[in-house]
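Everything below concerns the one structure shown next.
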Ligand SMILES: [Zn+2]
């Protein structure tokens, strides 16, 4: 799925295809693809934007409805 992210380093906001999303045993989100900032190239230094947060909320509702 595509998630809206903000780079922790340069604060660029971008949409990223993260692949499959899952949760680890601590309920942290795990993305299939490592995120790469299109501006500075830093890997896995992303924060969810408000848009990203609501995308993930919608995702978790979907997960519950398919279980
Ligand atoms: Zn960046």
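Residue numbers (this note's numbering): 39 to 105. Positions of the beta carbon are idealized from the N, C-alpha and C atoms, including for glycine. Please read all numbers here as calculations on a predicted model, not as lab measurements.
Cβ of residue 80 within 7 Å of any heavy atom in ligand 1? yes
With DSSP collapsed to three states, give me the class of residue 46. coil
Could you tell me which of 98, 64 and 74 sits nearest to residue 44, measuring between CA atoms? 74
Would you mind reading off the limits of the beta strand (DSSP E) that contains residue 84? 84 to 86
Report all residues from its chain with a CB closer than 8 Å to the CB of residue 84; omit the five preceding and five following residues, and keep chain order. 43, 44, 45, 46, 54, 73 and 75
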